[in-house]
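Okay, so the sequence shown: first residue is 134 according to our numbering, each after it adds one. Glycine is no exception: its CB is placed at the ideal position from the N, C-alpha and C atoms. Since the structure is predicted, the reported quantities are computational estimates derived from the model, not experimental observations.
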Amino acid sequence: MAGKLEPREVKLPEVVEDGERSEGRGQTESSEKTEDLLEMVKKLQKAEGSLEPQIEDLINRIHELQQAKEKSSEELGEAQALWEALRRDLDSLNGEKVHLEEVLSRKQGIYQPFHPHCQRKAEEAQRLPMEEQLEDLIGPHKDLWEFHMLKRRLAWEIRALQSSKEQLLFE
């Protein structure tokens, strides 16, 4: 290669997050792309020395991408672990909800026969103060009526006694 080499445009493979692919396929494609990049770098290293700074940049970029991939994989693992823990918590809470609904249903079944009795007691509790007020209002009137009736009865008995007395005196 006697002539001056012109820089070639090198397309880097697209970086796709692990969450967008299945793990097995994504890792295989990623490792294939990494190998392709390394081969390309080796070919470029064999070329003229003027390309060395670009090769260094490519190598640095490859290392950065590998580190980013490792970090993404680690974050994905953490996210999956968190998701699994949250799913277990949700399952546990759903189980507890079902259990509590069963307990509520049983207790409602137990208390169902007592409901009319409790309702009558509540109505009675509301009625008692009104009955007491009514009794307080009626009491003086009742006493007055009884007094009036007693007065009439006494007047009748007095007349009856006087009549009996007159008959006894007349005899």
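- Message: Within the continuous alpha helix (DSSP H) that includes residue 259, where are the two ends?
- Response: By 1-based counting over the sequence shown, the position of residue 259 is 126. Where residue 259 is concerned, the enclosing alpha helix (DSSP H) stretches over 247 to 303.
- Buried or exposed: which applies to residue 155, given that a residue is buried once 16 or more other Cβ atoms fall within 10 Å of its Cβ? Mapped onto the sequence shown, residue 155 falls at position 22. Annotation note: pLDDT 47 at residue 155 (below 50); position unreliable, coordinate value reported separately. It is exposed - the Cβ of residue 155 has fewer than 16 other Cβ atoms within 10 Å.
- Query: Would DSSP call residue 137 helix, strand or coil?
  - Reply: Residue 137 sits at position 4 when you count from the first residue of the sequence shown. Unreliable positioning characterises residue 137 in this predicted model, as indicated by a pLDDT of 41, which lies under 50. The coordinate reading is nonetheless provided below. Correct three-state label for residue 137: coil.
- Item | Spatial distance of residue 223 from residue 235 (CA atoms) | Here residue 223 refers to the residue found at position 90 of the sequence shown. Here residue 235 refers to the residue found at position 102 of the sequence shown. The alpha-carbon of residue 223 is positioned some 18 Å away from that of residue 235.
- Message: Can you check which of these residues, 203, 220, 205 and 174, is closest to residue 193 by C-alpha distance?
- Response: In the sequence shown, the residue the question calls residue 193 occupies position 60. Checking every option, the nearest Cα to that of residue 193 belongs to 174.
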